[in-house]
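These notes are about the structure you will find just below.
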Amino acid sequence: MTFEQIAQKLGRDEIWVAALFYGQASPLDDAKPTKEEVQKLGSVLDMSSLDDHFHEHWYPDRGQLGPMPPQDPTLYRLYEIVGVYGYAIKSCIHEKFGDGIMSAINFSAKVEKIQKKGADTVRITYEGKWLPYDFHTE
């Protein structure tokens with residue numbers, strides 16, 4: 001089964017499902033799997049022992065993905081995109097929102113396969129709550 005197929009059965013996002021499989025789904029903002037979701041996932045995967053892994057004291061691994069820069073070609077390209085276009089993206093964000101950051105806590109991502117000029121093309125969408133820096137002078 002694909003992450004998308006599993007996500008459809010759980011009523012969750014495919015990125016969340018993939019993050020759960022890699023131990024990276026956050027326990028914040030209802031992102032930690034509920035007991036019901038763990039049972040449903042076990043049923044979808046024909047596995048009954050998931051309760052032993054995803055319990056109330058389970059927390060995700062938020063460490064690095066490995067050596068930096070990443071050795072995996074896909075991860076390296078994502079890293080490279082930020083290296084090459086990071087300041088341009090940052091500047092456009094600040095022009096539109098002012099000084100602040102996009103939250104990685106209240107965050108979602110979407111991966112789509114689209115056709116552009118006759119070629120398979122990857123579209124990645126990041127969405128995060130805007131958190132303005134709040135500078136107070138006394």
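Numbering-wise, the sequence shown is residues 1 to 138 according to full-length UniProt numbering.
Ideal Cβ placement from N, Cα and C applies to all residues, glycine included.
Original post:
Sorted by chain position, which residues of the same chain lie with C-beta nearer than 7 Å to D29's C-beta, five sequence neighbours on each side aside?
Top reply: Caution is warranted here: a pLDDT of 48 is assigned to D29, below 50, making its placement in the model unreliable, and the coordinate value is therefore given only provisionally. Excluding sequence neighbours, D29 sits near I105, N106.
Original post:
Taking the C-alpha atoms as reference points, what is the distance between E112 and T2?
Top reply: When only Cα atoms are considered, E112 and T2 end up about 14 Å apart.
**OP:** Could you please give the first and the last residue of the uninterrupted alpha helix (DSSP H) stretch that includes K35?
**Re:** Looking at the DSSP string, the run of the alpha helix (DSSP H) that includes K35 is 35-44.
Original post:
Going by C-alpha distance, which of P132, A7, D46, E36 is nearest F97?
Top reply: Looking at P132, A7, D46, E36, the one whose alpha-carbon comes closest to that of F97 is P132.
Original post:
At which residues does the beta strand (DSSP E) containing Y126 begin and terminate?
Top reply: In the DSSP assignment, Y126 falls within the beta strand (DSSP E) that extends over 119-132.
Subject >> DSSP state of G11 mapped onto helix, strand, coil >> reply: Of the three classes helix, strand and coil, the one that applies to G11 here is coil, per DSSP.
Subject >> Unbroken beta strand (DSSP E) run spanning G98, endpoints >> reply: Boundaries for G98: no beta strand (DSSP E) harbours it, and the DSSP string shows neither H nor E there.
Subject >> Beta-carbon separation (whole angstroms), I38 vs I6, contact threshold 8 Å >> reply: The sequence shown places Val at residue 38, rather than the Ile named in the question. For V38 against I6, the beta-carbon gap comes to about 13 Å, at or over 8 Å, which does not count as contact.
Subject >> Inter-residue Cα distance where the pair is R77 and G86 >> reply: The alpha-carbon atoms of R77 and G86 are separated by roughly 13 Å.
Subject >> Buried versus exposed, by CB contacts within 10 Å (16 or more), I81 >> reply: Counting other Cβ atoms within 10 Å of its Cβ, I81 stays below 16 and is therefore classed as exposed.
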